[in-house]
Amino acid sequence: VAMEPVDVDPADIQRFASLYPSNARPIHSPNRRFILRQS
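Residue numbers (this note's numbering): 1445 to 1483.
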């Protein structure tokens, strides 16, 4: 999980999407899972 947003060129996103179609899965509810932060 990124703490800061990352700038990505729309052309890069389009190229990635054309190389890897359907590269996503549904969002899962956190239930009892936690995101721990380590510095």
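Glycine is no exception: its CB is placed at the ideal position from the N, C-alpha and C atoms.
{"Item": "Cβ-Cβ distance between V1445 and I1471 below 8 Å", "Value": "no"}
{"Item": "Through-space distance from M1447 to P1474, alpha-carbon basis", "Value": "18 Å"}
{"Item": "Rounded C-alpha distance that separates N1454 from R1477", "Value": "The sequence given here has Pro at residue 1454, not Asn. Each residue's alpha carbon lies about 32 Å from the other."}
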